[in-house]
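*Asks:*
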């Protein structure tokens, strides 16, 4: 006789500080197992090498995934100039740009002004954007170039945190659908020295902040927030 698994009935939210080298799905699977619940969803993928705020929706909370995914986000990122990557980040094939010299900070400050406001951004070739039913990164891994289209995004502010060639550190406050990897690539192209994302931390999703996020090892029923914590009416 087949046995059916009995799940706990837990509804709410959990704000995890995603550790490096975990996929967003790894975190979802871990929390699902810890809480013994059937439904857990996240509200915006973080790449394995990225860390920071990952808001999870649990049980009936999964109905809020779409609303929470659309919230503004804040990132702290590190961009390495003077080289390019086929994935636009540190995990790809890195190629130094011949003749790339140190860029004056004034040039960087001027370029950053071009990346605020509403504009069109081209997603990375290694992204989850679907082309003809297949994800772009699936095509890219086979050496095929996906016919991606630019998407309209919004960047509210970009703050220059630190710069010492070739490392540029920024804080970015943006809307949904924004790729920090694309920002790194595009800044490098504008400066004509190349650039790729070498570190990324998401510090805020809506009103959920890194200061209020918990480590994956702290996840249990006591750290589940009520659905009202979403502040969605």
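Numbering (the working numbering), first residue to last: 71 to 303. For each residue, glycine too, the CB sits at the ideal point set by N, CA and C.
Can you check which of these residues, 109, 87, 99 and 86, is closest to residue 78 by C-alpha distance?
*Replies:* 109
*Asks:* Would you please verify whether the beta carbon of residue 97 is less than 9 Å from any beta carbon of chain D?
*Replies:* The structure shown contains no chain D; it is built from a single protein chain.
*Asks:* Using the Cβ count rule (16 or more neighbours within 10 Å means buried), how would you classify residue 136?
*Replies:* exposed
*Asks:* Helix, strand or coil: which one does DSSP assign to residue 294?
*Replies:* coil
*Asks:* Please state whether DSSP places residue 229 in a helix, a strand or coil.
*Replies:* strand
*Asks:* Would you mind giving the Cβ-Cβ distance between residue 240 and residue 228, rounded to the nearest angstrom? I have them listed as a contact below 8 Å.
*Replies:* 6 Å
*Asks:* Residue 285: which of 121, 242 and 266 sits nearest, CA to CA?
*Replies:* 121
*Asks:* Taking a contact to mean a Cβ-Cβ separation below 9 Å, would you say residue 268 touches residue 149 in this structure?
*Replies:* yes
*Asks:* Kindly indicate which three-state DSSP category residue 210 falls into: helix, strand or coil?
*Replies:* Only weak support is given to the placement of residue 210: the predicted model assigns it a pLDDT of 47, under 50, and the question is left unresolved by the model.
*Asks:* Taking contact to mean at least 3 C-beta pairs separated by less than 8 Å, is the segment 169-179 in contact with the segment 250-264?
*Replies:* yes
*Asks:* Taking only three categories from DSSP, how would you classify residue 159?
*Replies:* Residue 159: strand per DSSP, three-state reduction.
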